[in-house]
Every structure is written in structure tokens, then in C-alpha cells.
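One structure is given here, and the rest of the page talks about it.
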Amino acid sequence: MNIMDIVKTTYAFDTNQLPKDVLSFTDEKFYGFVKEILGKTAADLLQIQAINNVPSFLLSNDVCAVIELDIDSKELDELRQKISFSCRDGTCRVKVGIKNDFKYLKRLLLSKLEENGKIKPRQKQTTTKIYSTPSVLTKENHVEFIHTSIKKWVEDTKENVNLDNLELKPGADYTLTITDNDNDLEGSIRCKCGVKIKLRKRDGKFQITNFYKHLRSLTCSMIKEKKNHSQQHQMLHNIIDNNNYDVENNNNYQTTDSLPATPQQSLSQTFLNLPTSSSYRANVSSSSMTKGTKRISSNLTSTYSQQLSSAAKRHKK
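Mind the numbering: the sequence shown is residues 278 to 594 in the working numbering, read in order.
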């Protein structure tokens, strides 16, 4: 018999400290009870998983397991900092004291159930472990899974990073490497900016969360470059649109000004109108920055002279 068996056999769980109706506690009343026994962090860990009553807690195999899973959550990150160790490979391990606290609470509540006669006293049982062989993914399966996951992440993240045209091309924006070391696959991703990220495996699949965190960080120069390029492209597009609008308006003004005068128009009226339209065109040409507008400006003098000559001939006739 080892030391753990001795502890399990001789350690007494005093249920007198428990409220008489503790087995019926739910929601805030249940969380308040856990907070009083184990502390606020333990209560928060149960609450974030919606474990809100005694039966739900007793049916949970390991309430701490979620902390060690590769889940991107702000709430979980805050709890990880309080109750776990951060490993160099990016994983985390829950502190032993936290796990023992929940084991203690579970045994305490089970003892309370036994006292109330709601379940029979626990008897030693012979259990048979069933081992299942997980499906093994090939190297090609891993590559396809990772590329597909990154593509889906890009589609879901475009709006959040203000990059509607965001695209991450394998081999260009990132390089995926998977090596086989005696049937043990290892993977890594090297970002275009030069940062290399080792991929962890969970349940037989590589986890890409750390790569996503890198892309969302302020240190990834590749994403910065893509943002700058997108902004420059948008500015250039706006300038071209504005210039095209100016050229189109100038062409419309030139067409209107070059219309012939009506027979009823007097020579004095013609002479009065021509300087006005010529001056208007000069003002338009001075405010335009396009080459098309410069060509329009260079023809103003000849157009003005032709209109004067035509008007004089019509008056003589």
C-alpha cells in the first residue's frame, strides 16, 4: 500500500462544516459556497464553465482540464495566470494545490450525499480501463488541416484587422514545416517577418493558436506591411477617381463653351460672353493636376481666337 492509499483510507472529511441544504445550491448560491470553501479563483473557474450546482460538479471528471487546453479566451488567460505555470513550449500546467482543492471538495460533497442516504456507501470496485486507439493523421493530412484552418481564420478575421483584402499564401506569407522523427511528427510555422513558432499537438492535431496570436500582435512586420500597402492602394484609388472626375468636368465645360452663337445674338453679346467662358476655363485649368487638363489649358488661346473670328464674320454677314 502506497502513501496515497493510506491518505485516502484514513483522512476524515468533516461534513459538519457544510450547510444542511448544500446539495440543493445552484447558481450564485453555489458559487458563493465554493468561494467560501476554496476561494474566489476556484469559484470563477466553475462559473466560466457553467458548472452551477453540486450534481454538475460531481459529474465533472476534471474541472481544471480546460485551463490546459489550447483555447483562445481572455477569461481563461486571466485564470491561467493565477492557477497555472506557463511552460517554455507555450503550454501551461495547473498547480497541484488547485487540483487537490477540487478533489477535496468533491470528496466532501460525496460524503454528504452518503450521509443523507441518497447514494449507497462507496465500495471498492474493480474497473477495467478501455484504451482506444486514436486515428493517426498522416503528414499530408496535417498540412491540409493547417492550411484550411489558416484560410478560415483569415476569412473570419479580415474585418477585425481592417484588411478586407487580407490573404495569407502558403510559401509566401508563411512557411509550414512538418518533420517525421521516428513516426513522431513535429511542426513549425515561420512567418514572413522571420518569427518561427513551434506547433503543439493536442488530441493528435497541431494547434495554431500561437501563430494567430503572433499575427494579431504589434510585432508582426508582415501584417504591418500589408496594412500600409492597403492604405496606399486606397489613397491612390481615391486620387485617380478625383482626377478622372476633374477631367470629365473640364471636357463638359469645353464642349459647352465651344457651342456656336445663335443668329439672333448680337456682336456685343458675343464679345461679352467669350471672355467669361475663357476666364472660367483658365480657372478650371489652374485647379487641375492631371495631364489631360494641362492639354486642355494649352488649347485655350487658339479656341478663344477662333471664336472671336467666327463671331466677327457672322456679324458682317
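No residue lacks a Cβ here, since even glycine has one placed at the ideal position from N, Cα and C.
**Request:** Rank Lys504, Leu382 and Gln509 by C-alpha distance to the C-alpha of alanine 319 and give the top, closest one.
**Result:** Reading the sequence shown from its first residue, position 42 is the one you call residue 319. Of Lys504, Leu382 and Gln509, the residue nearest in Cα terms is Leu382.
**Prompt:** When we look at the beta-carbon of lysine 503 and count the other beta-carbons within 10 Å, is it buried (16 or more) or exposed?
**Reply:** On the sequence shown, position 226 is the one that residue 503 refers to. Lysine 503 comes out buried.
**Request:** Go through its chain and collect everything with a Cβ distance to glutamine 484's Cβ below 8 Å, but skip five positions before and after it.
**Result:** By one-based count along the sequence shown, residue 484 stands at place 207. Same-chain partners within the cutoff: Asp347, Leu476, Arg477 and Lys478.
**Message:** Just to confirm, is the Cβ distance from aspartate 435 to leucine 445 under 7 Å?
**Reply:** What you label residue 435 is simply residue 158 of the sequence shown in a count that begins at 1. What you label residue 445 is simply residue 168 of the sequence shown in a count that begins at 1. Just to set this straight, residue 435 is lysine in the shown sequence, not aspartate. Not closer than 7 Å, so no.
**Asked** For isoleucine 407, which residues of its own chain have a beta-carbon under 8 Å away from its beta-carbon, when the five flanking residues on both sides are left out?
**Response** Translated into positions along the sequence shown, residue 407 becomes position 130. Interpretation of isoleucine 407 is limited by its pLDDT of 48, a score under 50 that renders its predicted location unreliable; no figure is taken from the coordinates.
**Three-way DSSP call (helix, strand, coil) for serine 388 in this model** = Working through the sequence shown from its first residue, we reach residue 388 at position 111. If DSSP states are grouped into helix, strand and coil, serine 388 belongs with the helices.
**Item:** 7 Å Cβ shell around leucine 314 - same chain, five flanking residues per side excluded
**Value:** Here residue 314 refers to the residue found at position 37 of the sequence shown. The sequence given here has isoleucine at residue 314, not leucine. These residues qualify, in order along the chain: Leu382.
**Request:** Go ahead and pull the three-state DSSP assignment for valine 340.
**Result:** By one-based count along the sequence shown, residue 340 stands at place 63. In this structure, DSSP gives valine 340 a state outside helix and strand, which the three-state scheme calls coil.
**Prompt:** Helix or strand or just coil, what does DSSP make of glutamate 444?
**Reply:** For this step, residue 444 is matched to residue 167 along the sequence shown. Looking at glutamate 444 - three-state DSSP - the assignment turns out to be coil, as it is neither helix nor strand.
**Request:** Could you say which of Val331, Ser337, Leu335 and Ile325 lies nearest to glutamate 355 if we only look at CA atoms?
**Result:** As a position in the sequence shown, residue 355 is number 78, starting the count at 1. The option with the nearest alpha carbon to glutamate 355 is Ile325.
**Item:** Alpha-carbon to alpha-carbon, leucine 513 and serine 507
**Value:** The residue labelled residue 507 in the question sits at position 230 within the sequence shown. The residue labelled residue 513 in the question sits at position 236 within the sequence shown. Serine 507 and leucine 513: Cα-Cα distance of roughly 10 Å.
**Message:** Rounding to the nearest angstrom, what Cα-Cα distance links arginine 467 and aspartate 349 in this structure?
**Reply:** The residue given as residue 467 occupies position 190 in the sequence shown. The residue given as residue 349 occupies position 72 in the sequence shown. The straight-line gap from Cα to Cα measures roughly 20 Å.
**Request:** Tell me the start and end of each unbroken alpha helix (DSSP H) in the stretch 303–355 that is at least 4 residues and wholly inside, in chain order.
**Result:** 304–315, 317–325, 331–335 and 342–345
**Item:** Exposed unless 16 or more other CB atoms sit within 10 angstroms - verdict on leucine 323
**Value:** Working through the sequence shown from its first residue, we reach residue 323 at position 46. The residue is buried, with at least 16 neighbouring Cβ atoms inside 10 Å.
**Request:** Note down, in chain order, each residue of its chain lying with its Cβ closer than 6 Å to the Cβ of lysine 416, except the 5 sequence neighbours on either side.
**Result:** Numbered from 1 along the sequence shown, position 139 holds the residue referred to as residue 416. In chain order, Ile455 place their CB closer than 6 Å to the CB of lysine 416, counting only its own chain and leaving out the 5 sequence neighbours on each side.
**Asked** Touching or not, the stretch 293–304 and the stretch 328–335, by the rule of three or more beta carbon pairs under 8 Å?
**Response** yes
**Prompt:** Looking at the structure shown, is lysine 435 part of a helix, part of a strand, or coil, going by DSSP?
**Reply:** Start at 1 with the first residue of the sequence shown, and residue 435 comes out as number 158. In this structure, lysine 435 counts as coil in the three-state DSSP scheme.
**Request:** Could you tell me if proline 296 is buried or exposed, where buried requires 16 or more neighbouring beta carbons within 10 angstroms of its beta carbon?
**Result:** For this step, residue 296 is matched to residue 19 along the sequence shown. The Cβ neighbour count for proline 296, taken over all protein chains shown within 10 Å, is under 16; the residue is labelled exposed.
**Asked** For methionine 278, is the classification buried or exposed, using 16 other Cβ atoms within 10 angstroms of its Cβ as the cut-off for buried?
**Response** If you number the sequence shown from 1, residue 278 lands on position 1. With a pLDDT of only 45 at methionine 278, under 50, the local geometry of the prediction cannot be trusted, and no value is derived from it.
**Message:** Per the DSSP calculation, glutamate 463 is bridged to which residue(s)?
**Reply:** One-based indexing of the sequence shown puts residue 463 at position 186. BP columns for glutamate 463 point to Thr456.
**Message:** For lysine 469, report the span of its alpha helix (DSSP H) as first-last.
**Reply:** Mapped onto the sequence shown, residue 469 falls at position 192. Taken as a continuous stretch (DSSP letters only), lysine 469 belongs to no alpha helix (DSSP H), as it is neither H nor E.
**Item:** Selection from Ile423, Gly316 and Val340 that minimises the alpha carbon distance to threonine 486
**Value:** Start at 1 with the first residue of the sequence shown, and residue 486 comes out as number 209. When each option's Cα is compared against that of threonine 486, the closest is Ile423.
**Message:** Let me confirm a value: phenylalanine 362 is counted as buried when at least 16 other C-beta atoms fall within 10 Å, else exposed. Which label applies?
**Reply:** Residue 362 sits at position 85 when you count from the first residue of the sequence shown. Under this definition phenylalanine 362 is an exposed residue.
**Prompt:** Does the Cβ of glycine 464 have 16 or more other Cβ atoms within 10 Å, making it buried, or fewer, making it exposed?
**Reply:** Start at 1 with the first residue of the sequence shown, and residue 464 comes out as number 187. So glycine 464 counts as buried.
**Request:** Please say whether aspartate 450 and lysine 469 have beta carbons closer to each other than 7 Å?
**Result:** To locate residue 469, count along the sequence shown from 1; it is residue 192. To locate residue 450, count along the sequence shown from 1; it is residue 173. In this structure, aspartate 450 lies closer than 7 Å to lysine 469 by Cβ.
**Prompt:** Within 10 angstroms of its Cβ, does arginine 357 collect 16 or more other Cβ (buried), or is it exposed?
**Reply:** Position 80 of the sequence shown, counted from the start, is the residue given in the question as residue 357. Buried, because 16 or more other Cβ atoms sit within 10 Å of the Cβ of arginine 357.
**Request:** Taking proline 447 as the reference, give the member of Val420, Ile344 and Glu432 with the closest Cα.
**Result:** Within the sequence shown, residue 447 is the residue found at index 170, counting from 1. Taking only the C-alpha atoms, the option nearest proline 447 is Val420.
**Prompt:** Does DSSP put leucine 414 in a helix, in a strand, or in coil?
**Reply:** The count along the sequence shown starts at 1 and reaches residue 414 at position 137. Of the three classes helix, strand and coil, the one that applies to leucine 414 here is coil, per DSSP.
**Request:** State the Cα-Cα distance for the pair aspartate 433 and aspartate 321, rounded to the nearest angstrom.
**Result:** Position 156 of the sequence shown, counted from the first residue, corresponds to residue 433. Position 44 of the sequence shown, counted from the first residue, corresponds to residue 321. Spanning the two alpha carbons is a distance of roughly 29 Å.
**Item:** Assigned secondary structure, lysine 475 (DSSP; H/G/I helix, E/B strand, else coil)
**Value:** Stepping through the sequence shown from its first residue, residue 475 is reached at position 198. Here lysine 475 sits in strand by DSSP.
**Closer than 7 Å to chain C by CB, histidine 424** = No chain C appears in the structure shown, which is made up of a single protein chain.
**Asked** Relative to the C-alpha of serine 337, which residue among Phe379, Asn520, Lys351 and Ile500 is closest?
**Response** As a position in the sequence shown, residue 337 is number 60, starting the count at 1. Per the Cα distances, Phe379.
**Message:** Out of Asn515, Gln511 and Lys490, which one is the CA nearest neighbour of lysine 351?
**Reply:** Looking up residue 351 in the sequence shown gives position 74. With distances taken between Cα atoms, lysine 351 lies closest to Lys490.
**Asked** Which residues in the same chain as glutamate 392 place their Cβ atom closer than 8 Å to its Cβ, once the five residues preceding and following it in sequence are excluded?
**Response** Position 115 of the sequence shown, counted from the start, is the residue given in the question as residue 392. If we look at glutamate 392 and ignore the five residues flanking it on each side, its Cβ neighbours are Thr292.
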